[in-house]
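Q:
Numbering (the numbering used here), first residue to last: -14 to 169.
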């Protein structure tokens, strides 16, 4: 049985959207959910103990989730004063976080003043992001890349690479091999 969902005027669905986990939509900016995207999954960890939190905090903020994007349970995506876009056909594991801001100045004298910068985040098409990944402000991830579980992404990732965790929480891009492209 199909159900209709009433949304705030700043939230738009471009077609059918599948919502499996509790969904919390917040903010005064715009949120766009692409055709055939899925928010939450059953069965998967933390289905009943969390939510998919999407926020476009200020009026100028934009959060765009592309077509056929699959976001697993317990995602937190916050566009504060900038833009976050997730390209079509992207798969995102559980425990994902993405922010366009640090939300506070890094300068200790300005930390509580609200004087901080936001930078857009762009996740390309057909990206695969593992469990418990955090993507920080100003990052662009290229099309077809894979981000390994548990990584904090603080710099751009080129297209067509695999990024795996190494010592000190950094990542090393590896070129796609023919074996990976053939389902290996």
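Even for Gly, the Cβ is constructed at its ideal location relative to N, Cα and C.
Which runs of the beta strand (DSSP E) at least 3 residues long sit entirely within the segment -7 to 22? Give them in chain order.
A: -4 to -2, 2 to 4, 8 to 11 and 15 to 18
Q: In the DSSP assignment, find the unbroken beta strand (DSSP E) run with residue 70 in it and report its ends.
A: For this step, residue 70 is matched to residue 85 along the chain shown. Its beta strand (DSSP E) spans residues 68 to 71.
Q: From the DSSP output, which residues share a beta bridge with residue 98?
A: By 1-based counting over the chain shown, the position of residue 98 is 113. For residue 98, which the question treats as bridged, DSSP gives no partner whatsoever.
Q: Express the C-alpha separation of residue 59 and residue -3 in angstroms, rounding to a whole number.
A: Numbered from its first residue, the chain shown carries residue -3 at position 12. Numbered from its first residue, the chain shown carries residue 59 at position 74. Their backbone Cα atoms lie some 21 Å apart in a straight line.
Q: From this set, -5, 73 and 116, which residue's C-alpha is nearest residue 41's C-alpha?
A: As a working mapping, residue 41 is identified with position 56 in the chain shown. The shortest Cα separation from residue 41 among -5, 73 and 116 belongs to -5.
Q: For residue 97, count neighbouring Cβ atoms within 10 angstroms of its own Cβ and tell me buried if that reaches 16, exposed if not.
A: Within the chain shown, the letter at position 112 stands for residue 97. Flag for residue 97 reads exposed.
Q: Please report the Cβ distance between residue 103 and residue 66, rounded to the nearest whole angstrom; I am assuming they are in contact, meaning their Cβ atoms lie under 8 Å.
A: As a working note, residue 103 is residue 118 in the chain shown. As a working note, residue 66 is residue 81 in the chain shown. 4 Å between Cβ atoms; contact.
Q: Spell out a yes or no on whether the segment 129 to 145 and the segment 84 to 96 are touching, meaning 3 or more CB-CB pairs, one atom from each, closer than 8 Å.
A: no
Q: Quick one: give me the first and last residue of the beta strand (DSSP E) that residue 75 is part of.
A: The count along the chain shown starts at 1 and reaches residue 75 at position 90. It is not in any beta strand (DSSP E) - residue 75 carries neither H nor E in the DSSP assignment.
Q: Straight-line CA distance for residue 79 to residue 123?
A: Numbered from 1 along the chain shown, position 94 holds the residue referred to as residue 79. Numbered from 1 along the chain shown, position 138 holds the residue referred to as residue 123. Taking the straight line from one Cα to the other gives about 22 Å.
Q: Is residue 85 buried or exposed, if buried means 16 or more other CB atoms sit within 10 Å of its CB?
A: Within the chain shown, numbered from 1, the residue matching residue 85 stands at position 100. Here residue 85 is buried: its Cβ has 16 or more other Cβ atoms, across all protein chains shown, within 10 Å.
Q: Quick one: is residue 57 buried, meaning 16 or more other Cβ sit within 10 Å of its Cβ, or exposed?
A: If you number the chain shown from 1, residue 57 lands on position 72. The residue in question, residue 57, is buried, as its Cβ has 16 or more Cβ neighbours within 10 Å.
Q: Do residue 68 and residue 105 count as a contact pair if the criterion is CB distance below 8 Å?
A: To locate residue 105, count along the chain shown from 1; it is residue 120. To locate residue 68, count along the chain shown from 1; it is residue 83. Yes.
Q: Locate the beta strand (DSSP E) running through residue 82, then write down its first and last residues.
A: Taking the first residue of the chain shown as 1, we reach residue 82 at position 97. That run of the beta strand (DSSP E) goes 82 to 84.
Q: Thinking C-alpha only, which one of 36, 3, 147 and 142 is nearest residue 20?
A: Counted from its first residue, the chain shown places residue 20 at position 35. The residue with the shortest Cα to Cα distance from residue 20 is 3.
Q: Alpha carbon to alpha carbon, what distance is there between residue 139 and residue 100?
A: For the purposes of this step, residue 100 is taken as residue 115 along the chain shown, with counting starting at 1. For the purposes of this step, residue 139 is taken as residue 154 along the chain shown, with counting starting at 1. If I take the Cα positions, the gap works out to 21 Å.
Q: Could you compute how far the alpha carbon of residue 9 sits from the alpha carbon of residue 76?
A: Taking the chain shown and counting its residues from 1, one reaches residue 9 at position 24. Taking the chain shown and counting its residues from 1, one reaches residue 76 at position 91. Rounded to whole angstroms, residue 9 to residue 76 spans 20 Å at the Cα level.
Q: To the nearest whole angstrom, what separates the beta carbons of residue 55 and residue 15, a pair I think is in contact under 8 Å?
A: Against the chain shown, residue 55 aligns to sequence position 70. Against the chain shown, residue 15 aligns to sequence position 30. That belief does not hold up - the Cβ atoms of residue 55 and residue 15 are roughly 22 Å apart, past 8 Å.
Q: Which residues in the same chain have their Cβ closer than 6 Å to the Cβ of residue 12, if we skip the five residues on either side of it in sequence?
A: Along the chain shown, read from residue 1 onward, the residue named residue 12 stands at position 27. Closer than 6 Å at Cβ, skipping near neighbours: 40, 41 and 42.
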